[in-house]
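**Student:** Quick one: the structure is below, questions incoming.
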Amino acid sequence: MESVGKSALIVEGGATRGIWSCGILDYFMHQDFNPFDSFWGVSAGASNLAAFLAQMPGRNLKVYADYSCRKEFLTPGKFLLGGDLMDLDWMWQITLKDLGIDKQVLAQEKRPFFLGVTRRDTGESEYITPSPDKLAETMKASSAVPIAYRNGVQLGQHRYVDGGVSDAIPVAEAIRRGATQIMVLRSRPASYRKSAPAIPGLMKPMLKDAPALIPLMQTRHIRYNKTLELIANPPAGVNIVQICPPEGFKVKRLGNTAEDVKAAYELGYQAGSRAIQAWIEEAVR
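So for the sequence shown, UniProt numbering puts the first residue at 1; every next one is plus one.
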């Protein structure tokens with residue numbers, strides 16, 4: 001198990017709801033604020049951190065407000081015919097072609113960047129630190145929501161799906177590896193608690209080709225809410241700053257308008273200054 005330094009930045013996923021942390025991280029870049037020893041991202045949070053570490057402010061705003069709103073991304077017709085609901089292949093191909101990701105800057109970053117993924121065959125959590133050349137496919141794997149993107153992503157010898165299936169906010173893992181000063185950028189308001197699936201039995205036929213994921217998908221709410229309890233009540237010697245969207249945050253996981261996405265980005269950007277202040281105040285306690 002790789003040990004990390006004391007300070008960690010953890011960014012939750014949530015598909016388009018990640019626009020909130022995108023705005024915060026862009027503000028951090030504009031303020032040259034980056035006091036962290038390690039970085040942890042899941043799904044959209046991993047993509048946001050990649051743009052942050054590549055020093056590309058504005059990149060992911062374009063992804064959320066433009067590409068994710070295009071008809072090519074959400075394909076319900078194909079889904080009904082046995083295909084994918086989210087065309088991640090199209091999304092990754094076009095955004096890497098049009099926007100790129102600065103591999104040279106990423107290669108200069110020596111602090112570890114952990115991307116949370118889930119083994120499709122076992123359901124186990126893994127925290128991968130890919131090279132710049134492997135980063136794009138690892139981000140894609142971390143975002144490969146089961147059912148919506150059916151087969152996951154092949155990385156080496158194994159196939160992986162969305163890290164949020166097994167560990168949506170990897171606070172416990174960061175603590176296990178030595179982090180004691182942690183900032184968590186959430187994509188849900190502070191009052192949010194995940195509910196159990198309305199019809200858990202549906203997971204069996206929908207995930208018949210990935211049986212290890214069935215119990216994980218049925219119990220995601222339990223692990224998620226336990227993590228929120230850990231954030232609220234960390235062990236002695238661990239301080240956690242949690243930055244959440246405001247109550248009533250209206251951005252949905254998918255199917256938003258560009259105007260709604262841009263408005264949410266501005267809220268996140270404005271929250272960046274409060275996040276920095278909260279971090280400084282916690283550090284001097």
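The beta carbon of each residue, even a glycine, is placed where N, CA and C say it ideally should be.
If you're wondering where the values come from, they're calculated on a predicted model, not measured in any experiment.
Would Ile175 and Val241 be called neighbours here (beta carbons separated by less than 8 Å)?
**Tutor:** Cβ atoms of Ile175 and Val241: not closer than 8 Å.
**Student:** Give the range of the beta strand (DSSP E) segment to which Asn34 is assigned.
**Tutor:** No beta strand (DSSP E) contains Asn34, which DSSP labels as neither H nor E.
**Student:** Restricting to Cα atoms, I'd like to know which of Pro76, Arg120, Val145 and Gly164 is closest to Gln157.
**Tutor:** Ranking Pro76, Arg120, Val145 and Gly164 by Cα distance to Gln157 puts Arg120 first.
**Student:** At the level of alpha carbons, what is the spacing between Pro205 and Val165?
**Tutor:** Those two C-alpha atoms are separated by around 17 Å.
**Student:** Can you tell me which of Leu207, Leu185, Arg223 and Arg159 puts its alpha carbon nearest to the alpha carbon of Ser195?
**Tutor:** Minimum Cα distance to Ser195 is reached at Arg223.
**Student:** Anyone know if the C-beta pair for Arg186 and Cys244 falls short of 8 Å?
**Tutor:** In this structure, Cys244 lies closer than 8 Å to Arg186 by Cβ.
**Student:** Per DSSP, what kind of secondary structure is Phe114 in: helix, strand or coil?
**Tutor:** Note: Phe114 maps to strand in three-state DSSP.
**Student:** For Ala190, report the span of its alpha helix (DSSP H) as first-last.
**Tutor:** Here Ala190 belongs to no alpha helix (DSSP H), and DSSP marks it neither H nor E.
**Student:** Should Gly201 and Trp20 be called a contact, given that it needs their Cβ atoms to be closer than 8 Å?
**Tutor:** Contact flag unset, no.
**Student:** Decide if Thr219 is buried, meaning its Cβ has at least 16 other Cβ atoms within 10 Å, or exposed.
**Tutor:** Exposed, because fewer than 16 other Cβ atoms sit within 10 Å of the Cβ of Thr219.
**Student:** Cα separation between Ala210 and Asp260?
**Tutor:** Roughly 35 Å between the two C-alpha positions.
**Student:** Thinking just about the alpha-carbon of each residue, which of Ala168, Thr75, Val117 and Ala44 is nearest to the one in Leu228?
**Tutor:** Out of Ala168, Thr75, Val117 and Ala44, Ala168 has the C-alpha closest to the C-alpha of Leu228.
**Student:** Does the contact criterion of 3 or more C-beta pairs under 8 Å hold for the region 17-37 versus the region 264-283?
**Tutor:** At 8 Å Cβ cutoff, the stretches touch.
**Student:** Alpha carbon to alpha carbon, how far is Ser142 from Glu124? Give it in angstroms, no decimals.
**Tutor:** Straight-line Cα distance between these residues: approximately 13 Å.
**Student:** Return the first residue and the last residue of the beta strand (DSSP E) that residue 323 is part of.
**Tutor:** No answer is possible for residue 323: the residues shown for the chain start at 1 and end at 285.
**Student:** To the nearest angstrom, how far is it from the Cα of Phe36 to the Cα of Ile10?
**Tutor:** The straight-line gap from Cα to Cα measures roughly 10 Å.
**Student:** So, under 8 Å CB-CB, Tyr149 and Met203 are touching, yes? Tell me the CB distance rounded to an integer number of Å.
**Tutor:** Not really, about 16 Å apart at Cβ, beyond 8 Å.
**Student:** What does a CB cutoff of less than 7 Å around Thr129 pick up in its chain, not counting 5 residues either side in sequence?
**Tutor:** Contacts found: Pro112, Phe113 and Phe114.
**Student:** Check this for me: beta carbons of Gly83 and Thr95, under 8 Å apart or not?
**Tutor:** Not a contact, by the Cβ cut-off of 8 Å.
**Student:** So the candidates are Leu230, Gln55 and Tyr67; which of them puts its Cα closest to the Cα of residue 287?
**Tutor:** For residue 287 there is no data in the structure shown, the boundaries of the chain being 1 and 285.
**Student:** Straight-line CA distance for Pro215 to Ile147?
**Tutor:** If you take the alpha carbons of Pro215 and Ile147, they lie about 14 Å apart.
**Student:** Identify, in the order they occur along the chain, each residue of the same chain with its Cβ nearer than 8 Å to the Cβ of Ala136, setting aside the five sequence neighbours on each side.
**Tutor:** Closer than 8 Å at Cβ, skipping near neighbours: Trp92, Leu96 and Ile101.
**Student:** Taking Gly41 as part of the beta strand (DSSP E), name the residues at either end of that continuous run.
**Tutor:** Run containing Gly41: Ser38 to Val42, per the beta strand (DSSP E) assignment.
**Student:** Tell me Tyr160's beta-bridge partners as DSSP assigns them.
**Tutor:** DSSP output for Tyr160 lists Arg119 and Val153 as bridge partner(s).
**Student:** Which one of Ile199, Pro235, Phe249 and Arg177 has the shortest CA to CA distance from Ser3?
**Tutor:** For Ser3, the nearest C-alpha among the options comes from Arg177.
**Student:** Taking only the alpha-carbon atoms, compute the straight-line gap between Leu81 and Ala172 and give it to the nearest angstrom.
**Tutor:** C-alpha separation (whole angstroms): 39 Å.
**Student:** If you check the beta carbons only, do Ser191 and Glu282 fall under 8 Å apart?
**Tutor:** Result no, Cβ atoms of Ser191 and Glu282 do not sit closer than 8 Å.
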